[in-house]
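Visitor: In the working numbering, the protein residues as written are 2 to 94.
The beta-carbon is built from N, C-alpha and C at its ideal position, and this holds for glycine as well.
Below you will find the structure I want to go over with you.
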């Protein structure tokens, strides 16, 4: 069964998500931004979600995590919770 580890930053608006992505692309640390801005409790751990299997996250999130290149920041990804920046840190098929 496919497994992945990922981290994310959850915010309310697409604009904020795009701004944070630009900061990361300019060299800002993903984990630090997660601690400062993420609305998810995982923000306290730099956005780390740990390891999970396919189907354990909401569909939009799951689709990106199990298709995106490892180590590349993806987003904004809209879900019922808000807008996410996602980074797959590890994946096995």
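Can you check whether the CB of residue 62 is closer than 8 angstroms to the CB of residue 80?
Guide: yes
Visitor: Taking all protein chains shown into account, do 16 or more other C-beta atoms lie within 10 angstroms of the C-beta of residue 54, making it buried, or fewer, making it exposed?
Guide: With fewer than 16 other Cβ atoms within 10 Å, it is exposed.
Visitor: Can you tell me whether residue 79 is helix, strand or coil according to DSSP?
Guide: In the three-state DSSP reduction, residue 79 falls in the strand class (E or B).
Visitor: State buried or exposed for residue 83, treating a residue as buried only when at least 16 other CB atoms are found within 10 Å of its CB.
Guide: Buried is the call here.
Visitor: Report the rounded CA-to-CA distance for residue 39 versus residue 10, giving the unit in angstroms.
Guide: 5 angstroms
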